[in-house]
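Data block below; observations after.
In the numbering used here, the protein residues as written are 124 to 260.
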């Protein structure tokens, strides 16, 4: 019997519009989102009361050390365009699991980790619900 691998620390890369599209209507204006980092290049994740941070690191999976250095220098402007779709697409995720010999994964958020720092508990709950609903689908 072949050894079965279970990843206990895998991360999803949320779609850029996840929270804007899925939070309750009353939170749409304050919903976290990914936006172009004007004047600096790349893309940043923004949420009320939290410092913006670049999303490029979320696209680092599957890259060698040299590829990662090159990507961080010039590829971060591409973001979701050059990323493996298995970060957010379940069918693609299963294909990558097969390639890697992974039988199951415990999935964690990437961008959403910072949402524990939101100051508005109602917005925070709405964001967590939006993420959990998306992941469950």
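Glycine included, every Cβ here is placed at the ideal spot set by N, Cα and C. In this text the structure is predicted, and so the values were computed from the model without any measurement.
In the DSSP assignment, the alpha helix (DSSP H) including residue i goes from what residue to what residue?
| i | result |
| --- | --- |
| residue 144 | 141-145 |
| residue 215 | 213-223 |
| residue 258 | 244-259 |
Using CA atoms only, rank isn't needed, just tell me which of the options is closest to residue i.
| i | options | result |
| --- | --- | --- |
| residue 179 | 129, 193 and 172 | 193 |
| residue 230 | 255, 138 and 127 | 255 |
| residue 228 | 243, 219, 142 and 250 | 219 |
| residue 234 | 205, 244 and 250 | 250 |
| residue 260 | 163, 214, 223 and 171 | 214 |
One question on the structure: do residue i and residue j come within less than 9 Å of each other, judged by their Cβ atoms?
| i | j | result |
| --- | --- | --- |
| residue 132 | residue 156 | no |
| residue 211 | residue 136 | yes |
| residue 207 | residue 182 | yes |
| residue 130 | residue 173 | no |
Sort out for me which residues DSSP pairs residue i with in a bridge.
| i | result |
| --- | --- |
| residue 157 | 168 |
| residue 128 | 225 |
| residue 177 | 167 |
| residue 133 | 230 |
Do we get a CB-CB distance below 9 Å when we pair residue i with the residues of chain C?
| i | result |
| --- | --- |
| residue 178 | Checking the listed chains, one finds no chain C in this structure; it contains a single protein chain. |
Hey, quick one: how far does the beta strand (DSSP E) through residue i stretch, first residue to last?
| i | result |
| --- | --- |
| residue 138 | Where residue 138 is concerned, there is no enclosing beta strand (DSSP E), given that its DSSP letter is neither H nor E. |
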